[in-house]
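Engineer: The structure is given below, and queries will be raised subsequently.
Chains as they are written, first to last, in our numbering: chain A, 93 to 954; chain B, 1109 to 1222.
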């Protein structure tokens, strides 16, 4: 018979299986009748004959089972029957089913979501050609074009070096002029990265020569937003910073280099005469020459920096910390560690969930022992029972993973919503085949754990078939003890690891940023004009905006606090000379106009704010913050003191003192900082801040219109409430702390419940033993003491293990904490005592109940 | 001696069932009886093993079954041997004879030496 016939036969039997069952029944029935008749004929009494016939045919159930197996289709039938049976069983125990499914969904859901983020952001290689050969050249220092050219000339190990400067460019000559996040780069950028345009072309080496035609490459987002995704855009022109550029290409959506959210790439002319040639504006990206190892390149780079230092006449200290950094490490920065920490935390939760599940299942296995023993005794085969338990596990874990996947999708939505927009590669994050495979693998492992845990715990040994046996076995007892230790240790580790995080969040909520971002509308404005015209433009714009109903006051600054951009300026304070040979100290530097201090709510502590006196011809003035006052004029008033700011040789006089502002992050201490008025040394592009008495978003259109009433050609961008910007820019640590905090709370709950469940189960299973002890004369007191002692020994062991693990874990977390030590004794002692308390409550209940049990009843159950 | 008790004799039960069927179609109960008679009651078929064995033979295509009325007008499944079953039986018989002959030689030798 060919395999095809065999297949047909099996399918036939599968679909006709009801028929087949009936036939098998009637065939065996026929056999019994014939045999009975024969025995009666040979002289046996009819009843004895029937008994003898049945005996000689043997166990009817097991015969049928064997026949079914021989038929060869039984496993499919069995699967169906097992699934139906499992469904019935699970419906009958909704509590158990809910506990298992919720634990699974939580564990797998959280794990899948965090894994997708980690996979998308940190594990997947960058979308460049041979990304492992890319390096960031001395990324700690912002380099100049001048230095780049010197390095290119000297290097023997870098095939190419590209310069990359972040720049905001005015996009004018269109209906709604705006400002774009641009990157001005050396022309070889795309060659270095090995990146191709999705539409048109990228620019090539040489297109940054002085006098070359200005060209621009658009981002996918800008192309869709401002050019409606029109494919004829290539060859059209656009005005950037007042200069006509030809659009030559559009990059794919996934193309991101160093500044995320860049909208346009433009070559920066390589011009030694240009003002920016010696300004520190560029990140340098290099590609290792073929066959050069990173080590060799690093060694050569040290030599190159030495030569460049001599050539450019820099001081000895130049290049001390110069290094080549793997480009991916540079791009991802802290995110990599951060995600790995997160992944570790989530895996811990999954483990906890697994331990909880194992515990639930051991309990289930114990309560199923009588049933399973009975079925074995009735002729079911062991392999068949194991298969059924596995099927049940599979059903549970598939449903659980399904729910988990739904949860993961929801969590990912939340992550994407609260992640700062400059989170590297956040757009690439999603549920993809790799993520699905990991999710499927974890659910299959869970299914095996389920089935086998029940099989090991629940199936009696071949020699020990004792239906009715209601206590546990030694296997489950030992497993239970192990679970107590494991569960406690895991819970302690996770909660201690998360404890400082929770306290960090608490402290951050209390931090005063030094300004008031509520009810502030911000917008980016960039007039393309001469300085005097710029001053007049802002003056007029401030007046018009201030006149709008709902506006309290208005001002402007070059970079708002928390916008992630920081300018420093060297200062030389009168009467406080720096040591000879040492570089001048620097302080933070903000240019402000209008009533900026009032608009963002920075309090004036002494002296005066800037006003109409502070013009280009007037005495140069500055306002300092309290940190700067404290550093240079401790115990004195800085008002009236003088300093040199930057390369300016005229004195600048301090006229006021304002409160400290946390400019870069809520977790950082405020640094010395000075403000100067835009009306004395301004710059065209400013962030305008409007304080409102109504919800700020409602004034967006009116404020924008007011600006365009003054000059309809002025680019306006990013009109949004300040709160929104803050949520974006402070997001990074807040996101991590929030996510870790959520996990910490989950860990606390799951851990406490788990410890409670495991411990109380381990004690309650000893009811029988306690009954016997009491029957033999033990008093309640001694029994309780013994139960308590044994339980707490396990718990304390677990806590000790957990504390050791947590000490290791928290060392990695240090950089994310704020004003909280990592080996914070409050957390350690608190968590340890909390869990000890939970555990003793868990032991006490069943221990007391066990000692109230009537020994006689327990013994009778035996 | 019971047949079908162990795996070793399982193949033997298959062979005997095929042999008994080569005489003519018969139902399961009759087959058990027939094997007993043919062996002059020296071999008793374990009836619980018979039906699984028949199902296995059928799956391998060596026998087939059909429902017919029995002598006393009751419906029963009648088994009959197929062509490939006959061929398999021939092979099995040859192997069995070879094996028993070999075993016999060993036993004779053992007796002679003892």
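Don't be surprised by glycine CBs; every beta carbon is placed ideally from N, CA and C. What you are looking at is a predicted structure, and each value in this text was computed from that prediction instead of being measured.
From residue 67 (chain A) to residue 724 (chain A), what distance separates their C-alpha atoms?
Structural biologist: Residue 67 (chain A) lies beyond the stretch modelled for chain A, which goes from 93 to 954, so this question has no answer here.
Engineer: Counting only beta-carbon separations shorter than 8 Å, does residue 959 (chain A) have a partner in chain B?
Structural biologist: Examination of residue 959 (chain A) is not possible in this model, given that chain A is present from 93 through 954 alone.
Engineer: For residue 295 (chain A), which residues of its own chain have a beta-carbon under 6 Å away from its beta-carbon, when the five flanking residues on both sides are left out?
Structural biologist: Same-chain partners within the cutoff: 279, 307 and 359.
Engineer: Does the CB of residue 943 (chain A) have a neighbour CB from chain B at under 8 Å?
Structural biologist: Chain B contact via Cβ: absent.
Engineer: Please check if any C-beta of chain A sits within less than 8 Å of the C-beta of residue 1145 (chain B).
Structural biologist: Not closer than 8 Å to any Cβ of chain A, the Cβ of residue 1145 (chain B) fails to qualify, so no.
Engineer: At a Cβ cut of 9 Å, what residues of the region 119 to 143 of chain A count as close to chain B, listed as they run along the chain?
Structural biologist: Correct list: 119, 120, 122, 123, 124, 125, 126, 127, 129 and 130.
Engineer: How many Å lie between residue 462 (chain A) and residue 455 (chain A) at the Cα?
Structural biologist: If you take the alpha carbons of residue 462 (chain A) and residue 455 (chain A), they lie about 13 Å apart.
Engineer: Do you know how far the Cα of residue 1210 (chain B) is from the Cα of residue 1202 (chain B)?
Structural biologist: The straight-line gap from Cα to Cα measures roughly 12 Å.
Engineer: I need the DSSP call for residue 304 (chain A), collapsed to helix, strand or coil.
Structural biologist: Here residue 304 (chain A) sits in coil by DSSP.
Engineer: Could you check what DSSP says for residue 375 (chain A) in three-state terms: helix, strand or coil?
Structural biologist: It is a strand residue.
Engineer: In this structure, does DSSP put residue 385 (chain A) in helix, strand or coil?
Structural biologist: In the structure shown, residue 385 (chain A) sits in coil (DSSP, three-state: anything other than H, G, I, E or B).
Engineer: Considering just the uninterrupted stretch of the beta strand (DSSP E) at residue 1173 (chain B), what are its terminal residues?
Structural biologist: Note, residue 1173 (chain B): beta strand (DSSP E), 1171 to 1177.
Engineer: Tell me the rounded alpha-carbon separation between residue 219 (chain A) and residue 346 (chain A).
Structural biologist: Their Cα atoms are separated by approximately 8 Å.
Engineer: For chain A, find out if any of its Cβ atoms is closer than 8 Å to the Cβ of residue 1196 (chain B); answer yes or no.
Structural biologist: Not closer than 8 Å to any Cβ of chain A, the Cβ of residue 1196 (chain B) fails to qualify, so no.
Engineer: When the cut-off is 8 Å and only beta carbons count, does residue 1160 (chain B) lie next to chain A?
Structural biologist: It does: the Cβ of residue 1160 (chain B) has a partner Cβ on chain A nearer than 8 Å.
Engineer: Would residue 1156 (chain B) count as contacting chain A if we go by Cβ distances under 8 Å?
Structural biologist: By this cut-off, residue 1156 (chain B) is an interface position.
Engineer: Name the two residues that bound the continuous beta strand (DSSP E) containing residue 1189 (chain B).
Structural biologist: First-last of the beta strand (DSSP E) with residue 1189 (chain B): 1183 to 1189.
Engineer: Since residue 749 (chain A) and residue 697 (chain A) should fall inside the 8 Å C-beta cutoff, what is the C-beta to C-beta distance between them, to a whole number of angstroms?
Structural biologist: The pair is a contact, with the Cβ atoms about 5 Å apart (cut-off 8 Å).
Engineer: On the criterion of 16 or more Cβ atoms from any shown chain inside 10 Å, does residue 465 (chain A) qualify as buried, or is it exposed?
Structural biologist: That one is buried.
Engineer: Please classify residue 555 (chain A): is it buried, with 16 or more other beta-carbons within 10 angstroms of its beta-carbon, or exposed?
Structural biologist: At residue 555 (chain A), the pLDDT of 44 sits below 50, so the modelled position is not reliable and the matter cannot be decided from this model.
Engineer: Using the three-state DSSP reduction, which class does residue 870 (chain A) fall into: helix, strand or coil?
Structural biologist: Residue 870 (chain A): coil per DSSP, three-state reduction.
Engineer: Is the beta carbon of residue 251 (chain A) sitting closer than 8 Å to the one on residue 444 (chain A)?
Structural biologist: No.
Engineer: Beta-carbon within less than 7 Å of residue 248 (chain A)'s beta-carbon, same chain only, minus the 5 sequence neighbours each way: which residues are those?
Structural biologist: Within the same chain, residue 248 (chain A) has close Cβ partners 392.
Engineer: Give me the chain B residues within the contact set of residue 159 (chain A), using Cβ-Cβ distance strictly less than 7 Å, ordered along the chain.
Structural biologist: Per Cβ cutoff of 7 Å: 1159, 1160 and 1163.
Engineer: Starting from the beta carbon of residue 1213 (chain B), find every residue of chain A whose beta carbon is closer than 7 Å, and list them in chain order.
Structural biologist: Those do not exist, as residue 1213 (chain B) stays about 35 Å from chain A at its closest Cβ, beyond 7 Å.
Engineer: Expressed to the nearest angstrom, what Euclidean distance is found between the alpha-carbon atoms of residue 779 (chain A) and residue 617 (chain A)?
Structural biologist: Going by the C-alpha atoms only, they are around 6 Å apart.
Engineer: Between which two residues does the beta strand (DSSP E) containing residue 681 (chain A) stretch?
Structural biologist: Run containing residue 681 (chain A): 678 to 686, per the beta strand (DSSP E) assignment.
Engineer: Does the CB of residue 193 (chain A) have a neighbour CB from chain B at under 8 Å?
Structural biologist: Chain B, which has no Cβ nearer than 8 Å to the Cβ of residue 193 (chain A), makes this no.
Engineer: Round the Cβ separation of residue 482 (chain A) and residue 474 (chain A) to the nearest angstrom and send it over; I've been treating them as touching at under 8 Å.
Structural biologist: That belief does not hold up - the Cβ atoms of residue 482 (chain A) and residue 474 (chain A) are roughly 13 Å apart, past 8 Å.
Engineer: Measure the C-alpha to C-alpha separation of residue 472 (chain A) and residue 171 (chain A) and round it to an integer number of angstroms.
Structural biologist: Cα to Cα, residue 472 (chain A) sits roughly 15 Å from residue 171 (chain A).
Engineer: Compare the C-beta of residue 1184 (chain B) with all C-beta atoms of chain A and state if any pair is closer than 8 Å.
Structural biologist: Output row for residue 1184 (chain B): interface = yes.
Engineer: Quick one: does residue 483 (chain A) have its CB under 8 Å from some CB of chain B?
Structural biologist: It does not; no Cβ of chain B falls within 8 Å.
Engineer: Run down chain B in chain order and give the residues with a C-beta less than 7 Å from the C-beta of residue 492 (chain A).
Structural biologist: The contacting residues do not exist; residue 492 (chain A) stays about 38 Å from chain B at best.
Engineer: Run the CB neighbour count on residue 183 (chain A), radius 10 Å, all protein chains shown included, and call it buried at 16 or more, exposed below.
Structural biologist: Exposed.
Engineer: Among B:1205, B:1166 and B:1141, which has the Cα closest to the Cα of residue 1192 (chain B)?
Structural biologist: Ranking the options by Cα distance to residue 1192 (chain B), first place goes to B:1166.
Engineer: In chain order, what residues of the same chain have a beta carbon less than 8 Å from the beta carbon of residue 714 (chain A), not counting five sequence neighbours either side?
Structural biologist: 735, 737, 744, 745, 746, 747, 766, 767 and 768.
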